[in-house]
Amino acid sequence: MATRLSWLLALSVLALPLSGCEKKKDTGSGASADAKTQAVKAPEVKPADVKPTDTKTAADTILIGEVGSLTGSEAAFGISTRNGIELALEEVNAAGGVKGKKVEVRVYDDMSKPEEAASAATRLITQDKVLAILGEVASSNSLAMAPKAQEAKVPMISPSSTNEKVTAVGDYIFRTCFIDPFQGSVMAKYAKEELKFTKVAILTDTKSAYSDGLTQVFKKRFAELGGTIVAVEAYGKGDTDFRAQLTNLKKVKPEGLYVPGYYQDVALIAEQAKELGLKTTMMGGDGWDSAKLFELGGAAVEGAYVSNHYAADDPSPKVQDFIKRYSAKFGAVPDSLAALGYDAANMLVEAMKRSDELSGPKLRDAIAQTKDFQGVAGTITLDENRNPVKPAVVLKVDGGKFKYVATVAP
Amino acid sequence: MAELVRLGERASRPALLAVQDLKVSYGAIAALKGVSLSLGQGEVVALIGANGAGKTSTLRAVSGMLKPKAGTITLKGERIDSQPSHALVAKGLAHAPEGRGIFPNLTVQENLDLGAYLRNDKAGIAQDLEKSFTLFPRLKERQHMPAGTLSGGEQQMLAIARALMSRPSLLLLDEPSLGLAPQVTQTIFRILRDVNAGGMSILLVEQNAHLALDLAHWAYVLETGEVVMEGTGQALLGSPEIRKAYLGE
Amino acid sequence: MYKFLQHVINGLSAGTIYALVALGYTMVYGVLKLINFAHGDVMMVGVYVGYAVAFLLGRETATTVPGALLVFAVAMSACAALGFLIERFAYRPLREKPRLTSLITAIGISFALSYGFQLDWAVQDWTILPGAAARRFPQIIEPKEWLVLGDSDVIIWNWQVISFGVAVGLMTLLQLLVFKTKFGKAMRAVSHDHRVAGLLGIPVDRVIAGTFMLGSALAAGAGILYAVKDKSVQPLMGMFVGLKAFVAAVIGGIGNLPGAVVGALLLGLCEEFVVGYTASSWRDAVAFGFLIAVLLVRPAGLFGKFQPEKV
Numbered sequence: 004m005a006t007r008l009s010w011l012l013a014l015s016v017l018a019l020p021l022s023g024c025e026k027k028k029d030t031g032s033g034a035s036a037d038a039k040t041q042a043v044k045a046p047e048v049k050p051a052d053v054k055p056t057d058t059k060t061a062a063d064t065i066l067i068g069e070v071g072s073l074t075g076s077e078a079a080f081g082i083s084t085r086n087g088i089e090l091a092l093e094e095v096n097a098a099g100g101v102k103g104k105k106v107e108v109r110v111y112d113d114m115s116k117p118e119e120a121a122s123a124a125t126r127l128i129t130q131d132k133v134l135a136i137l138g139e140v141a142s143s144n145s146l147a148m149a150p151k152a153q154e155a156k157v158p159m160i161s162p163s164s165t166n167e168k169v170t171a172v173g174d175y176i177f178r179t180c181f182i183d184p185f186q187g188s189v190m191a192k193y194a195k196e197e198l199k200f201t202k203v204a205i206l207t208d209t210k211s212a213y214s215d216g217l218t219q220v221f222k223k224r225f226a227e228l229g230g231t232i233v234a235v236e237a238y239g240k241g242d243t244d245f246r247a248q249l250t251n252l253k254k255v256k257p258e259g260l261y262v263p264g265y266y267q268d269v270a271l272i273a274e275q276a277k278e279l280g281l282k283t284t285m286m287g288g289d290g291w292d293s294a295k296l297f298e299l300g301g302a303a304v305e306g307a308y309v310s311n312h313y314a315a316d317d318p319s320p321k322v323q324d325f326i327k328r329y330s331a332k333f334g335a336v337p338d339s340l341a342a343l344g345y346d347a348a349n350m351l352v353e354a355m356k357r358s359d360e361l362s363g364p365k366l367r368d369a370i371a372q373t374k375d376f377q378g379v380a381g382t383i384t385l386d387e388n389r390n391p392v393k394p395a396v397v398l399k400v401d402g403g404k405f406k407y408v409a410t411v412a413p
Numbered sequence: 090m091a092e093l094v095r096l097g098e099r100a101s102r103p104a105l106l107a108v109q110d111l112k113v114s115y116g117a118i119a120a121l122k123g124v125s126l127s128l129g130q131g132e133v134v135a136l137i138g139a140n141g142a143g144k145t146s147t148l149r150a151v152s153g154m155l156k157p158k159a160g161t162i163t164l165k166g167e168r169i170d171s172q173p174s175h176a177l178v179a180k181g182l183a184h185a186p187e188g189r190g191i192f193p194n195l196t197v198q199e200n201l202d203l204g205a206y207l208r209n210d211k212a213g214i215a216q217d218l219e220k221s222f223t224l225f226p227r228l229k230e231r232q233h234m235p236a237g238t239l240s241g242g243e244q245q246m247l248a249i250a251r252a253l254m255s256r257p258s259l260l261l262l263d264e265p266s267l268g269l270a271p272q273v274t275q276t277i278f279r280i281l282r283d284v285n286a287g288g289m290s291i292l293l294v295e296q297n298a299h300l301a302l303d304l305a306h307w308a309y310v311l312e313t314g315e316v317v318m319e320g321t322g323q324a325l326l327g328s329p330e331i332r333k334a335y336l337g338e
Numbered sequence: 013m014y015k016f017l018q019h020v021i022n023g024l025s026a027g028t029i030y031a032l033v034a035l036g037y038t039m040v041y042g043v044l045k046l047i048n049f050a051h052g053d054v055m056m057v058g059v060y061v062g063y064a065v066a067f068l069l070g071r072e073t074a075t076t077v078p079g080a081l082l083v084f085a086v087a088m089s090a091c092a093a094l095g096f097l098i099e100r101f102a103y104r105p106l107r108e109k110p111r112l113t114s115l116i117t118a119i120g121i122s123f124a125l126s127y128g129f130q131l132d133w134a135v136q137d138w139t140i141l142p143g144a145a146a147r148r149f150p151q152i153i154e155p156k157e158w159l160v161l162g163d164s165d166v167i168i169w170n171w172q173v174i175s176f177g178v179a180v181g182l183m184t185l186l187q188l189l190v191f192k193t194k195f196g197k198a199m200r201a202v203s204h205d206h207r208v209a210g211l212l213g214i215p216v217d218r219v220i221a222g223t224f225m226l227g228s229a230l231a232a233g234a235g236i237l238y239a240v241k242d243k244s245v246q247p248l249m250g251m252f253v254g255l256k257a258f259v260a261a262v263i264g265g266i267g268n269l270p271g272a273v274v275g276a277l278l279l280g281l282c283e284e285f286v287v288g289y290t291a292s293s294w295r296d297a298v299a300f301g302f303l304i305a306v307l308l309v310r311p312a313g314l315f316g317k318f319q320p321e322k323v
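From first to last, the protein sequence lines stand for chains A, B and C.
First residue of the first sequence: 4, per our numbering; consecutive thereafter.
First residue of the second sequence: 90, per our numbering; consecutive thereafter.
First residue of the third sequence: 13, per our numbering; consecutive thereafter.
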């Protein structure tokens with residue numbers, strides 16, 4: 004009996020991690036199905052999202068879709084993006100909408116999981132028959148969604164997925180942010196030329212396409228500029244203990260530590276590095292951009308440098324005006340995800356206005372022709388690969404805030 | 090319903106337990122179809138019958154392990170049916186279940202301590218523990234051994250001793266001879282006789298009709314969930330019908 | 013050498029948290045023979061309660077010793093109450109049903125808690141449900157270096173020592189509770205056969221509820237020490253730790269208290285060395301491989317015993 008029981012236990016233990024990665028995919032058990040509906044529906048019932056006409060697509064509205072990480076590990080990204088889009092559409096509708104119609108957005112939560120993002124995209128396309136899709140933030144999730152949109156000829160604009168491969172999926176996939184090679188090379192250049200670092204270590208998230216993309220480019224560029232990468236350590240998304248890797252990094256005494264991860268992991272990494280007595284300057288990308296970084300990382304993230312899409316302390320009136328309107332509505336300073344969400348929605352609306360017909364292929368063509376679009380996170384002209392050509396900014400963490408230090412043009 | 094045969098005269102005693110028209114079902118199967126019996130103060134009453142006749146079900150219903158479908162159970166004039174087992178212990182009921190139900194991982198001592206779970210009189214418990222050891226000297230030798238290491242007979246002794254630790258007014262015993270060598274069985278029944286001589290009332294379920302009837306003041310014969318015969322132990326032992334059906338003659 | 017030593021400390025520190033969670037896991041299993049998959053999520057709820065209390069007390073008060081103890085006390089009581097409710101309304105009705113039913117219910121509760129806590133719900137200024145994003149857990153134990161070797165080559169923090177002490181202390185206390193007290197005897201009796209336990213006058217429902225409440229309170233305590241270590245709290249934290257703690261409990265021999273602690277420390281060290289000397293992707297593979305290796309050699313776990321089932 005005891006033997007049989009322990010085997011049963013062993014089996015159930017083994018079965019769990021397997022099902023763990025797709026827990027939210029309905030495996031048929033009632034419990035997980037409940038969890039799924041709960042988590043997916045919750046954001047939809049937020050009063051702000053539900054308009055009385057939301058249940059039917061009236062003839063005088065244009066329905067677009069949004070897939071975002073409203074729960075899960077990158078929830079802060081998803082919520083910021085959601086707010087940016089909401090603000091943009093509210094302004095568009097207040098100004099009379101597009102071709103006399105109101106623009107409505109149907110939002111699905113993907114719980115920060117690629118497989119959920121893919122099924123949400125499918126739902127938007129087949130059930131809700133949306134005209135276009137906005138999303139996702141994380142490159143892994145966008146990469147899961149893009150083939151669905153491409154196949155159905157529904158234009159998709161990712162506000163902030165920086166991995167190169169996202170728009171390479173097909174000619175219906177666009178974005179409003181710069182891409183990883185650019186971001187990685189900006190930071191490598193800044194580290195070598197401005198910060199004068201020669202020995203840099205990297206701590207990368209092997210489960211994330213975004214992190215991997217930045218790592219590859221940074222590594223190559225930094226070496227080209229004459230610097231040395233002294234160590235590369237890896238972690239996986241969802242880890243909360245990085246002490247083993249940091250203990251190893253402490254041994255090689257790097258001047259700088261490049262962590263192209265997301266804010267939640269970065270905050271823990273910074274805290275644990277400090278706890279272990281690892282003294283180095285941390286550097287990262289736009290994945291760090293969330294007010295949560297300062298709440299979670301506290302003093303440990305002070306002095307770090309990141310590359311980003313926009314700076315909230317950019318004095319340009321367009322930016323400051325956006326910040327004023329955003330803060331009035333959401334009570335917070337918009338981060339770059341909010342800015343990019345705002346830009347993505349506006350870029351889509353602008354293309355809808357230019358398009359002579361509201362169909363997927365026509366709208367695609369209109370988006371592809373985007374030129375000198377004045378976004379809050381930079382002026383966008385799309386190149387032949389449907390990627391914007393725009394500058395990046397380097398920010399420094401100073402006093403629990405990102406401070407603008409430099410603009411690096413392409 | 091079969092006609093109830095009654096043999097011998099029952100000595101009059103103050104009533105302790107009365108069961109009226111008790112019905113118990115396992116799903117669609119009726120285990121007890123209306124059993125009535127009674128037990129007086131200081132009496133040993135035996136339930137005999139073949140496997141599946143309903144002896145154990147009767148005992149379990151009395152001790153609250155089974156919820157009766159119908160009928161009443163009265164202990165000292167108080168209705169006790171459909172009360173949980175643990176509440177009945179406080180009212181003076183102790184049940185040594187079929188298969189003994191000792192805790193193999195716990196020591197003999199700990200098993201006995203659990204018998205006195207509801208009691209708080211330390212001195213009294215210590216006294217009763219000594220009493221059990223006098224009654225069952227084997228248990229004293231094994232006091233600190235895990236009960237799982239005891240022989241079958243010793244485990245049965247432990248089950249009885251443990252039941253007595255709650256100072257019950259009525260002891261329910263289910264198949265104390267099951268799986269034991271004849272000699273060990275003899276010893277256990279001798280001890281039961283002593284326990285009864287000390288004033289303990291006993292409701293006994295036993296397949297070994299000979300032993301049971303020899304010990305019992307009064308006995309009921311169950312067949313397929315019904316009482317078909319009752320009488321004094323001696324009278325039933327003398328009945329040709331019983332001798333044929335249950336004593337293998 | 014310093015690097016090796018630091019890895020050992022990291023591993024023990026991680027193992028300590030697994031141990032604290034595994035103790036509750038293994039105790040509940042010991043009595044109910046139920047793998048309470050919701051244990052880690054109850055822990056998470058406890059951390060949120062602790063978070064709320066520390067927040068209400070304010071930074072100044074929460075870092076004092078009475079303040080910190082109050083955080084623990086309230087979180088543990090709240091989880092005891094939660095444990096009571098879960099047992100009363102989810103597990104008790106299923107006690108006589110096949111064990112798989114309760115197991116699946118446990119998984120259901122686990123999901124309900126971890127995803128329920130990702131909902132965002134505030135009534136005016138009062139946050140009722142916390143939302144999905146991680147939050148920084150207040151420093152209820154002011155971090156101090158307890159021991160520093162070399163030029164900050166190896167650092168041991170006060171909270172690491174406190175957590176380790178609490179884990180070993182709790183293990184001892186629980187061991188005493190289970191083996192030396194009347195309640196512990198009743199727990200063991202119920203564990204073996206709750207029907208027979210009832211026949212002896214043991215209030216089975218109350219013993220089971222009590223065990224559950226104790227296990228849940230332990231989870232809350234463990235969770236707060238975990239939050240002190242990782243300085244953050246988020247709704248999914250219980251799932252991962254719960255799973256690891258469960259593995260630790262099985263390695264040590266489920267139902268066995270010292271086994272849970274030893275299994276957890278071994279698991280923590282094993283994971284640390286895997287990540288430190290190979291690659292992080294190997295962490296879970298090796299952890300579960302370790303589990304399988306242990307079970308192949310000792311099917312009942314390191315400290316588990318085969319129970320001869322005599323009839």
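Backbone N, C-alpha and C define an ideal beta-carbon position, used for all residues, glycine too.
Taking 8 Å as the threshold (C-beta atoms), are residue j and residue i in contact?
i: residue 292(B); j: residue 261(B); result: yes
i: residue 221(B); j: residue 259(B); result: no
i: residue 75(C); j: residue 151(C); result: yes
i: residue 133(A); j: residue 90(A); result: no
Who are the Cβ neighbours of residue i in its own chain at under 7 Å, not counting the five residues just before and after it?
i: residue 175(A); result: 152, 153, 156, 157, 158, 159 and 367
i: residue 304(C); result: none
Taking C-beta pairs closer than 7 Å, name the residues in chain A that residue i reaches, listed in chain order.
i: residue 53(C); result: What residue 53(C) touches in chain A: nothing, since even the nearest Cβ is about 11 Å away.
i: residue 22(C); result: 246, 247 and 250
Can you name the residues of chain B whose CB is closer than 8 Å to the CB of residue i?
i: residue 214(C); result: 175, 203 and 206
Keeping to the same chain, check which residues put their C-beta closer than 8 Å to that of residue i; ignore five residues upstream and five downstream.
i: residue 231(B); result: 197, 238, 239 and 243
i: residue 218(A); result: 187, 205, 207, 235, 261 and 263
i: residue 189(A); result: 310, 395, 397 and 411
Going along chain C in order, which residues have a C-beta closer than 9 Å to the C-beta of residue i?
i: residue 140(B); result: Result: empty, since nearest Cβ-Cβ is about 16 Å, beyond 9 Å.
i: residue 79(A); result: 144, 145 and 146
i: residue 195(B); result: 197, 200, 201 and 204
Note down the Cα distance separating residue i from residue j, rounded to an integer number of angstroms.
i: residue 35(A); j: residue 169(A); result: For residue 35(A), the predicted model reports a pLDDT of 36, less than 50, meaning its position is unreliable and no value from the coordinates is stated.
i: residue 285(A); j: residue 401(A); result: 13 Å
i: residue 239(A); j: residue 273(A); result: 16 Å
i: residue 329(A); j: residue 322(A); result: 10 Å
i: residue 342(A); j: residue 102(C); result: 46 Å
i: residue 271(A); j: residue 93(A); result: 36 Å
i: residue 158(C); j: residue 173(C); result: 8 Å
Under 7 Å between beta-carbons, which chain B residues line up against residue i? List them in chain order, please.
i: residue 208(C); result: 186 and 190
i: residue 45(C); result: Per Cβ cutoff of 7 Å: no residues; residue 45(C) is ~13 Å from chain B at best.
Whose C-beta lies closer than 6 Å to the C-beta of residue i among residues of the same chain, with five residues either side of it excluded?
i: residue 141(A); result: 77
i: residue 146(B); result: 113, 120 and 121
Please compile the residues from chain C whose C-beta is within a distance smaller than 7 Å of the C-beta of residue i.
i: residue 199(B); result: 197
Three CB pairs or more closer than 8 Å across the segment 232-251 of chain A and the segment 13-30 of chain C: Contact between the segment 232-251 of chain A and the segment 13-30 of chain C is present, because at least three Cβ pairs lie under 8 Å.
For the structure I just gave you, are there three or more beta carbon pairs, one from the segment 338-346 of chain A and one from the segment 299-315 of chain A, closer than 8 Å? The segment 338-346 of chain A is in contact with the segment 299-315 of chain A.
Any contact between the segment 119-135 of chain C and the segment 207-222 of chain C? By contact I mean 3 or more CB pairs, one from each, below 8 Å. No, because fewer than three Cβ pairs between the segment 119-135 of chain C and the segment 207-222 of chain C fall closer than 8 Å, the two stretches do not touch.
Does the segment 243-262 of chain C come close enough to the segment 47-59 of chain C that 3 or more CB-CB pairs lie under 8 Å? Pairwise C-beta distances place the segment 47-59 of chain C in contact with the segment 243-262 of chain C, as three or more of them are shorter than 8 Å.
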